[in-house]
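S.K.: Have a look at this one before I ask anything.
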DNA sequence: ACTTTTTACTTAAAGGTTTTAGACTAAAGT
DNA sequence: ACTTTAGTCTAAAACCTTTAAGTAAAAAGT
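Below, the structure is given as structure tokens:
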């Protein structure tokens, strides 16, 4: 004889003949009532089918929800394909699960407008990557809730980053120490185009502060240090870290003349695409072509040949960001995750 | 001279000298007020820094939140590592983004207890995989909200599934049509152990209704049809679809005597691990060993040799599940996603 | 000129919880 | 025997919306 309306705390209170406060306390503050009464309430609730306070109401009253939002750069669907994002989210989830928080993924770049006001729900936010013109980012800021940024630095918030310049410089130097002379760079998000293309001379000098730019600058610095040179023509822009896009760029790079014998890739996904295209073209790696990646995704180790890359601790970043957010390290801490050169067989 | 308290609809109403209902209508039901007043309200809100109604309050009042929950079998962190789950979630996100819904991932198997009552938030749920003893599953059911199940069938809810028996039978037959005589099966979640192990004769006959069981039965049926046999000793149980766990099982299988020349893997991740171990042991695939997988994850195509497997349309499953949920196809529809044998070079 | 319909806005109840301040009782201290 | 203290529990306000029902005025119909 169950009613179809779900039970409320109030109804339960009246059935059990205690105040609503007592029921609430039974669930939230065990020290506020006798153990015996609490036992009774809990078991009666179980029997009646009341499974704890309504979240919306609690959230309204307390002003918190137990939910942590992660704002991603691109569409949600894209981030599920991306190995780096997955590792990052994995790190976040581990920490959140331990702390009994829920994870809400927000993208802002949905096809529709963002109307729900969902940004009001989470108790804090992890902002992943640059959010240049994301309207949701603005809205989140206005919530005045704890924020931690990752792979993107703002004076206003604590952040988790790597030293992109140092990491890129190190791995580029590793490549350049081998006998290479004709280079190509396959970069990610170098410019604001959503098509795979080479960049222009102008774009090469157009300095900005993105992660990609920092890496590109480091690559070029390393190349110049080694008395080599690279033309804008030999630098490709790949808009999203997708295997298929990368393959297209790889094909262009490997078939252009003079023949390339070293490729610097700004991600492992790109490097894997290069390996695949090289195989199709019967170019043997690392004999005829040296390839380096960036990220150290799980697949890098399993590739043929295994990929030389630099580990940027994506999972650790996620963990640290979540911890920083939960511990309310509100003192605008800037965390730097160490990177590590991972030498395998592609170079 | 901003107050530190965030603005509420009520305050805005009193500032603008209109009723709260009018403000609410300005945001939610444009037809309820004159275009002119609405314009004024919206622009004033912008100016004042009021960014729309509070979600908790709206959610409390309306009884809906714009959030869709996905209940996963294992920990969140695990699901971010798993390629199949990622494809599935990708499918879901695509549809949700189009419909302006948010995605909340729920796992239920968190280390702590699940106390938040978060299950009250979503407007509907996608249940992914069996949820035998998941307390959160019980709680979700009690919400009486729309539910769609995937990879798991219940008479009570619409569901999205594949024909596991047919798919497994087909690919097993493909393997058995080659010259193989000594087989091993590397299965997923065959029993309730969290360690990699062989199963026992008793466990082999212990019928249950899981996805894994259905596939295993189909494998065995195919084997018997081909006048071959397989011992429980040659069937491994792998608790989670993790590369490292799979490698352990693969090592055991490939070093046990008599020498195996065909391995049926219940997932591509497992099959990839087999390829890797085979290479380490200098066993050449497909000459000395035929390997088949299941799932058709993106990496399967890129492996050496490319993996023969069966595509189970994980992404499509996600899309269909999300659509079924949103369209409120409440007439308990049972959707079947077609599977497809993908013949490559590992067999 | 009078009634009906439409438009534009308001009133006020409801939604389900948490929490502060306080009430009552029983135990402890003097 | 009287005051403190501690231990339990309650009353009621507050959290911020949405929406059904209602009012008043303007437009339309006859």
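Protein chains in written order, with this note's numbering: chain A, 4 to 350; chain B, 4 to 350. We treat Cβ as the ideally placed atom computed from N, Cα and C, and that holds for glycine. Quick caveat, the model's predicted, so the values are computed rather than measured.
1) Please report the residue range of the alpha helix (DSSP H) in which residue 168 (chain B) lies.
2) Any idea what DSSP makes of residue 1 (chain A), helix, strand or coil?
3) Name the chain A residues that come within less than 9 Å of residue 131 (chain B), Cβ to Cβ?
4) Locate the beta strand (DSSP E) running through residue 268 (chain A), then write down its first and last residues.
5) Decide if residue 78 (chain B) is buried, meaning its Cβ has at least 16 other Cβ atoms within 10 Å, or exposed.
6) Per the contact definition of three or more C-beta pairs closer than 8 Å, is the region 282-293 of chain A in contact with the region 230-240 of chain A?
7) Looking only at DSSP bridge pairs, what is residue 337 (chain B) linked to?
8) Can you pull the chain B residues whose beta carbon is under 7 Å from the beta carbon of residue 317 (chain A), in chain order?
9) Put residue 47 (chain A) into one of helix, strand or coil per three-state DSSP.
10) Check each residue of the region 139-165 of chain B: if its Cβ is closer than 9 Å to any Cβ of chain A, include it; give the result in chain order.
11) State the start and end residues of the unbroken alpha helix (DSSP H) segment that holds residue 93 (chain B).
12) List the residues of chain B that residue 108 (chain A) touches, going by C-beta distances under 7 Å, in chain order.
13) So residue 213 (chain A) and residue 84 (chain A) are supposed to be a Cβ contact under 8 Å. How far apart are they, rounded?
14) Can you look up residue 116 (chain A) in the DSSP assignment and give me helix, strand or coil?
15) Under 8 Å: do the region 51-58 of chain B and the region 212-228 of chain B share three or more Cβ pairs, one atom per stretch?
16) Applying a beta-carbon distance threshold of less than 9 Å, which residues of chain A neighbour residue 301 (chain B)?
17) So the beta strand (DSSP E) residue 231 (chain A) belongs to, where does it begin and stop?
18) Looking only at DSSP bridge pairs, what is residue 251 (chain B) linked to?
19) Suppose you measure from the CA of residue 13 (chain B) to the CA of residue 190 (chain B); what does that come to, to the nearest Å?
20) Since residue 108 (chain A) contacts residue 70 (chain A) with CB under 8 Å, what's their CB separation in whole angstroms?
21) Are residue 185 (chain B) and residue 264 (chain B) closer than 8 Å when you measure CB to CB?
22) Under 8 Å, do residue 301 (chain B) and residue 88 (chain B) count as touching if we go by C-beta distance?
23) According to DSSP, what are the bridge partners of residue 70 (chain A)?
24) Short of 8 Å in beta carbon distance, which residues of its chain neighbour residue 33 (chain B), apart from the five on each side in sequence? Order them along the chain.
25) Using CA atoms only, rank isn't needed, just tell me which of B:104, B:75, B:101 is closest to residue 91 (chain B).
26) Closer than 9 Å, Cβ to Cβ, to anything on chain A: give me those residues from the region 257-268 of chain B, in chain order.
27) Which residue from A:122, A:323, A:330 puts its Cα closest to that of residue 96 (chain A)?
28) Could you tell me the alpha carbon to alpha carbon distance between residue 66 (chain A) and residue 64 (chain B), rounded to whole angstroms?
29) Please report the straight-line C-alpha distance between residue 114 (chain A) and residue 121 (chain A), rounded to a whole angstrom.
30) Just tell me which of B:164, B:156, B:232 has its CA closest to the CA of residue 318 (chain B).
31) Roughly how many angstroms lie between the CA atoms of residue 152 (chain B) and residue 128 (chain B), to the nearest whole one?
32) Roughly how many whole angstroms lie between the Cα atoms of residue 271 (chain A) and residue 204 (chain B)?
33) Pull up the distance between the alpha-carbon of residue 336 (chain B) and that of residue 211 (chain B), whole angstroms please.
34) Whose C-alpha, out of A:170, A:208, A:215, is nearest the C-alpha of residue 155 (chain A)?
35) Between the C-alpha atoms of residue 289 (chain B) and residue 232 (chain B), what's the straight-line distance to the nearest angstrom?
M.R.: Result, derived from the coordinates:
1) As a first step, residue 168 (chain B) is located in the second chain; it is residue number 165 there, counting from the start. Where residue 168 (chain B) is concerned, the enclosing alpha helix (DSSP H) stretches over 167-179.
2) No information on residue 1 (chain A) is available, as it lies outside the stretch 4 to 350 that chain A covers here.
3) Position 128 of the second chain, counted from the start, is the residue given in the question as residue 131 (chain B). None at all; the shortest Cβ gap to chain A is about 13 Å.
4) Taking the first residue of the first chain as 1, we reach residue 268 (chain A) at position 265. Run containing residue 268 (chain A): 265-268, per the beta strand (DSSP E) assignment.
5) Along the second chain, read from residue 1 onward, the residue named residue 78 (chain B) stands at position 75. By the neighbour-count rule (16 or more Cβ atoms within 10 Å), residue 78 (chain B) is buried.
6) no
7) Stepping through the second chain from its first residue, residue 337 (chain B) is reached at position 334. B:162, per the DSSP bridge assignment.
8) In the first chain, residue 317 (chain A) corresponds to position 314, counting from 1. In chain order: nothing, as chain B lies at least about 11 Å away.
9) On the first chain, position 44 is the one that residue 47 (chain A) refers to. The answer is helix: DSSP assigns residue 47 (chain A) an H, G or I state.
10) Taken in chain order, the members of the region 139-165 of chain B whose beta-carbon sits within less than 9 Å of a beta-carbon on chain A are 141, 142, 145, 146, 147.
11) For the purposes of this step, residue 93 (chain B) is taken as residue 90 along the second chain, with counting starting at 1. Run containing residue 93 (chain B): 86-101, per the alpha helix (DSSP H) assignment.
12) Translated into the one-based positions of the first chain, residue 108 (chain A) becomes position 105. Residues of chain B with a Cβ closer than 7 Å to the Cβ of residue 108 (chain A) are, in chain order, 106.
13) Working through the first chain from its first residue, we reach residue 213 (chain A) at position 210. Working through the first chain from its first residue, we reach residue 84 (chain A) at position 81. The Cβ separation is near 21 Å, so there is no contact.
14) The residue given as residue 116 (chain A) occupies position 113 in the first chain. Model confidence at residue 116 (chain A) stands at a pLDDT of 47, short of 50, so the residue's coordinates are unreliable; what they give is reported in the following sentence. In this structure, residue 116 (chain A) counts as coil in the three-state DSSP scheme.
15) No, the region 51-58 of chain B is not in contact with the region 212-228 of chain B.
16) Taking the second chain and counting its residues from 1, the one referred to as residue 301 (chain B) is at position 298. Correct list: 84, 246.
17) Sequence index remark: in the first chain, residue 231 (chain A) carries index 228 (1-based). First-last for residue 231 (chain A): undefined, no H or E at that position.
18) Working through the second chain from its first residue, we reach residue 251 (chain B) at position 248. Residue 251 (chain B) pairs with nothing; no bridge assigned.
19) In the second chain, the residue the question calls residue 13 (chain B) occupies position 10. In the second chain, the residue the question calls residue 190 (chain B) occupies position 187. Residue 13 (chain B) and residue 190 (chain B): Cα-Cα distance of roughly 59 Å.
20) Along the first chain, read from residue 1 onward, the residue named residue 108 (chain A) stands at position 105. Along the first chain, read from residue 1 onward, the residue named residue 70 (chain A) stands at position 67. Between residue 70 (chain A) and residue 108 (chain A) the Cβ distance is about 11 Å, and since that is not below 8 Å, they are no contact.
21) Working through the second chain from its first residue, we reach residue 185 (chain B) at position 182. Working through the second chain from its first residue, we reach residue 264 (chain B) at position 261. Against a cut-off of 8 Å, the Cβ pair of residue 264 (chain B) and residue 185 (chain B) comes out as a contact.
22) For the purposes of this step, residue 301 (chain B) is taken as the residue at position 298 of the second chain. For the purposes of this step, residue 88 (chain B) is taken as the residue at position 85 of the second chain. No, the Cβ-Cβ distance between residue 301 (chain B) and residue 88 (chain B) is not below 8 Å.
23) For the purposes of this step, residue 70 (chain A) is identified with residue 67 of the first chain, where counting begins at 1. Per DSSP, A:105.
24) Within the second chain, numbered from 1, the residue matching residue 33 (chain B) stands at position 30. Result list for residue 33 (chain B): 41, in chain order.
25) One-based indexing of the second chain puts residue 91 (chain B) at position 88. Checked all of B:104, B:75, B:101; the closest Cα to residue 91 (chain B) is B:75.
26) Per Cβ criterion, the list is empty.
27) Taking the first chain and counting its residues from 1, the one referred to as residue 96 (chain A) is at position 93. Taking residue 96 (chain A) as reference, the option from A:122, A:323, A:330 with the minimal CA-CA separation is A:323.
28) Sequence index remark: in the first chain, residue 66 (chain A) carries index 63 (1-based). Sequence index remark: in the second chain, residue 64 (chain B) carries index 61 (1-based). Going from the Cα of residue 66 (chain A) to the Cα of residue 64 (chain B) covers about 16 Å.
29) Taking the first residue of the first chain as position 1, residue 114 (chain A) is located at position 111. Taking the first residue of the first chain as position 1, residue 121 (chain A) is located at position 118. A caution first: residue 114 (chain A) carries a pLDDT of 43, below 50, which makes its placement in the model too unreliable to give a value.
30) The count along the second chain starts at 1 and reaches residue 318 (chain B) at position 315. Per the C-alpha coordinates, the member of B:164, B:156, B:232 positioned closest to residue 318 (chain B) is B:164.
31) Position 149 of the second chain, counted from the start, is the residue given in the question as residue 152 (chain B). Position 125 of the second chain, counted from the start, is the residue given in the question as residue 128 (chain B). About 8 Å.
32) Numbered from its first residue, the first chain carries residue 271 (chain A) at position 268. Numbered from its first residue, the second chain carries residue 204 (chain B) at position 201. Distance between the alpha carbons of residue 271 (chain A) and residue 204 (chain B) is about 44 Å.
33) Numbered from its first residue, the second chain carries residue 336 (chain B) at position 333. Numbered from its first residue, the second chain carries residue 211 (chain B) at position 208. Residue 336 (chain B) and residue 211 (chain B) have their C-alpha atoms spaced approximately 24 Å apart.
34) Your numbering for residue 155 (chain A) matches position 152 in the first chain. Per the Cα distances, A:215.
35) The residue you call residue 289 (chain B) lines up with position 286 of the second chain. The residue you call residue 232 (chain B) lines up with position 229 of the second chain. Spanning the two alpha carbons is a distance of roughly 21 Å.
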